[in-house]
Structures are given as structure tokens and as C-alpha cells.
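Residue 656 in the working numbering is what sits at position 272 of the sequence shown, and the numbering runs on without skipping anything.
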Amino acid sequence: MARPYNFSAGPATLPEEVLRQAAEEMLDWHGSGMSVMEMSHRGKEFTQIIQQAEADLRELLAVPANYKILFMQGGAIAENAIVPLNLLGGRATADYVVTGSWSAKSFKEAKKYCAPHLAAGSLSGPWHAVPPAPSFRYSADPAYLFLCSNETIDGVEMFDLPEAPAGVPIVADMSSNILSRPVEVSRYGLIFGGAQKNIGPAGLTLVIVRDDLLDRASPLCPSAFEYKTVAANGSMYNTPPTYAIYIAGLVFQWLKRQGGLAEIERRNIAKAELLYGYLDSTDFYLTKVEKPFRSRMNVPFFLRDESLNEAFLEGAKAAGLLQLKGHKSVGGMRASIYNAMPLKGVQALVAFMKEFERRHG
Ligand SMILES: *Cc1c(COP(=O)(O)O)cnc(C)c1O
């Protein structure tokens, strides 16, 4: 039987091929007689798994040699604290661009460690756009410039990276659009992302950090969260989330088989154009995010008659279209169409939406 299409914002759908491979290897990974979950993280089998995962990620994102790739835990929300603990380096402030619920949360958390400066955007929603870069107002000596490249809840994506003041590293929360298109890693000081949106299972946080930023940590930073310590120990200062790393590694190999990030971006554009194109063609549904900032990954939309919401969700579920309910802070619906969502899934969603409109419009 065909699996339903799952539009969850995260933990999110994974490529079926990857799930099948994991199922096949569940009891016995490559003749080792062990499940990956049962292996010592320091043994030769897991060493091979983590090294391959890192090499594949480095290749996919073209990560330069002077950047470390760290496999950490705590999710993106923990990074909101781990970043200032590691990067403030005694400075009193860092600049934040707030374009949605997640970067607003990052700003608030930073207040525990410094006096963050709002360089652009707004601390309260609704958020429907990224402010134009010339309007950004930087502070005199920020430790870094923080931004969120894709606001998962609000559906606001940043396609043009602002120019930070000279010498100020850009820190990006890429949790929900990492690996959805090529990015120029060298323009960032640090990239982080929870894995459960576009990479793999929950429990793994990816951090890509430039070498020269490893020496700034506060003495109060927990050792397990100190980038320098994690890097020096090959992400094995503490036991890493081994199974999540293994699945992420399978997803990286799947991405390479699809043709890498340029091909994945082409598909993501096609999926997003199909869905937004339909939303623009009807008055029955509406979207609120301004066109240049419409996320290719998370598409919030609304039924003009909200009394039909329950019927929409029930009908969608019966049609094999799962988890379309919008985030409670935004309401309405949200279709998350990450890398692992095939074009066929979006076609099925649009077909259902048309039929629902025909019956209720
Ligand atoms: C999901 C998400 C988070 C929160 O991730 P956790 O793993 O729950 O910490 C933060 N930022 C963005 C952009 C997200 O999509």
C-alpha cells in the first residue's frame, strides 16, 4: 500500500528509500551482527558511519576546509543559548534580524547572555516579509549577526543574505531550509540546524562553524556545548546521537543520488510554484507572506471561510494527506514540502484542494 503524504513541519517526512534501507539494516548493519543503535560510538563500524556522513555533507554543501562540522544535541532552541555562550567572547552585544517566531525566540534567549540589538525586523508578529537590507541598523561592535534563513512557522524565507559589517560573522539558523538549495558557506561564520526538518530524526543538531570562531567561548559554557571541545573530540566528547547521525548519513547519500543540491533546488522550486500558483489562482484560499519571501519549504495558507477548517483537515486525512494543520500561533493550514516530499505529494494536495473548493466554494 502506498504511504500517505506527510506535510508535517517537523519531525517531518523522510525519503521512503531511506526508511526502507534503515529497516533492512535494523537488526544487522553490514554484517556486523549489531543494530547501529547497539554499537559503541568509538568502534570501527560507527566511526565509518560518522566519517562518511561528514564527508557526504561536506561534499553536498561544499563546506570549505576551514569549517568544522559538528554533530551535537539540544536542537536549535539550545543553540539560541549555545551560540552566545560560544561567540560573544566578552562583547556586550550581538545583532539580530528578526523575521519570524523562531528568530524572535533566539533574540529573547540571547538576553540571558548579552544585550542583543534588534538590527531589523520586529519582535512581534505577524511576520510576512524580510526587511530590505539597506534598512538594517547595526550596533557599534556586535559579536555576530544572527538571522534565521527560513521561518518555519510563518513561512518567511530569506533568499538574499545581508552584507554584515566587516569582520562580523553571520550566524544562521537554517533548521528548516538547510540542504534545500546550495548556499555559499564561506559567507557565514556559523550555520546550525536541528535535523528533524530536512535531514533526519530529531535529536541531532548540525553545526558548521569557521575555525577562527572556536576560541571565544565563555568559561561558563558547558563543555559538552563548547564548539572547540566538540570539534577537538570529533563530536565524541559526549556520546553523540548515533542513530540519528546514521539516518542523516543515509539522507545525505540519498541527496547525492538525486543529483545534489542544485537538482534538489530545482525540484523544490517546482513544488513551491505549483502550490503557490494554485493559491494565487483562487479566492477560496489565501496566503499572507509577501511574494519575494514565500518559503519554498513551509507554506502557510488559509481557507477564507475558516468554519471549513475541520472539514478540510478531515477530508485531507481521508485522502492520504497528513498533518496540514497550521501552527497554533498562525492558525489556518501549513504544508511543509521539504526535500523528501515528492512533486507527486504536492500534486495530490493541490488536486484535493481543488476538489474541496469545488464542493464547498
Ligand atoms: C524547529 C525549529 C527550531 C526549534 O528546533 P528544536 O529542535 O525544537 O530546538 C528552531 N528554529 C527553526 C528555524 C526551526 O524550524
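By construction, the Cβ of each residue, glycine as well, lies at the ideal position given by its N, Cα and C atoms. Treat the numbers as computed from the prediction; the structure is a model and nothing was measured.
Item                                                                                                         : Value
Exposure label - E690; buried when at least 16 CB within 10 Å                                                : exposed
Any non-hydrogen atom of ligand 1 within 6 Å of G473 CB                                                      : no
Three-way DSSP call (helix, strand, coil) for Y669 in this model                                             : strand
Rounded separation between E438 and P510 - CA only                                                           : 38 Å
Sub-7 Å separation of A499 and V481 beta-carbons                                                             : no
Proximity winner among A632, L590, L733 and T589, relative to Y660 (alpha-carbon distances)                  : L733
Residue nearest to A616 in terms of C-alpha spacing, selected from D599, L604 and P603                       : D599
Boundaries (first-last residue) of the alpha helix (DSSP H) holding K675                                     : Counting along the chain, K675 falls outside any alpha helix (DSSP H), and DSSP gives it neither H nor E.
Same chain only: Cβ atoms within 7 Å of Q707, ignoring 5 sequence neighbours per side                        : N390, F391 and S392
With 16 other Cβ atoms within 10 Å as the buried cut-off, status of Q580                                     : buried
Complete beta strand (DSSP E) runs within the region 536-596 (minimum length 3 residues, chain order)        : 554-557, 574-578 and 589-594
Backbone secondary structure at A478 - three-state DSSP                                                      : coil
Sequence-distant residues of the same chain with beta carbon closer than 7 Å to S602, five excluded per side : L469 and L472
Member of Y528, E541 and D557 whose CA lies at the smallest distance from the CA of A550                     : Y528
Pair within 7 Å by beta-carbon distance, L454 and S560                                                       : no
Segments of 3+ residues assigned as beta strand (DSSP E) that fall wholly inside the region 500-526          : 501-505
Proximal residues to I434 (C-beta, below 6 Å), its chain only, five neighbours per side dropped              : I629
Any non-hydrogen atom of ligand 1 closer than 6 Å to A386 Cβ                                                 : no
Cβ separation of V402 and T626, assumed to be a contact under 8 Å, to the nearest whole Å                    : Incorrect: roughly 16 Å between the Cβ atoms, too far for contact.
Expected contact under 8 Å - CB spacing of E755 and R565 to nearest Å                                        : With the chain covering 385 to 745 only, the question about residue 755 has no answer from this structure.
Distance cut-off 6 Å: C532 Cβ against heavy atoms of ligand 1                                                : yes
Unbroken beta strand (DSSP E) run spanning K496, endpoints                                                   : K496 -> no beta strand (DSSP E), and no H or E assigned at all.
Closest Cα partner of G573 within the set N582, M558, G584 and P585                                          : M558
Beta carbon shell of ligand 1 at less than 6 Å from a heavy atom                                             : G394, G459, A460, I461, W486, C532, T536, D557, S559, S560, G578 and K581
Anticipated Cβ contact below 8 Å, S570 with S713, distance rounded                                           : Their Cβ separation, rounded to whole angstroms, is 35 Å, which puts S570 and S713 out of contact at 8 Å.
Endpoints, the alpha helix (DSSP H) within which P468 is located                                             : G459 to L471
First through last residue of the beta strand (DSSP E) which encompasses V683                                : N682 to L687
Minimum C-alpha distance to G643 - residue among D412, A654 and L444                                         : L444
Cβ neighbour criterion (16 or more within 10 Å) applied to I653                                              : exposed
Burial state of L705, where buried means 16 or more other Cβ atoms lie within 10 Å                           : buried
CB of Y451 within 7 Å of CB of D479, strictly                                                                : no
Assigned secondary structure, F391 (DSSP; H/G/I helix, E/B strand, else coil)                                : coil
Helix, strand or coil at A449 according to DSSP, with G and I counted as helix                               : coil
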